[in-house]
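Novice:
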């Protein structure tokens with residue numbers, strides 16, 4: 001039961017590379033292809049957003 005005082009367990013070291021998408025073994029091939037494509041698109045957009053935000057922060061200082 002969560003009483004609000006418990007803290008999440010943190011890994012000892014932060015990850016150095018993103019975890020690749022792991023589709024479920026029981027998915028159909030076309031579902032896996034679509035899910036992988038969507039994951040790749042989202043990953044690329046988030047990466048671009050992070051690069052832009054970092055660049056904006058650097059130029060702001």
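Residue numbers (full-length UniProt numbering): 1 to 61. For every residue, glycine included, the Cβ atom is placed at its ideal position computed from N, Cα and C.
#1: Pull up the distance between the alpha-carbon of residue 30 and that of residue 38, whole angstroms please.
#2: Tell me the DSSP secondary structure of residue 50 in three-state form.
#3: Suppose contacts are defined by Cβ-Cβ distances below 7 angstroms. Is residue 23 in contact with residue 35 by that definition?
#4: Sorted by chain position, which residues of the same chain lie with C-beta nearer than 7 angstroms to residue 49's C-beta, five sequence neighbours on each side aside?
Specialist: Taking the definition as stated:
#1: 12 angstroms
#2: helix
#3: yes
#4: none
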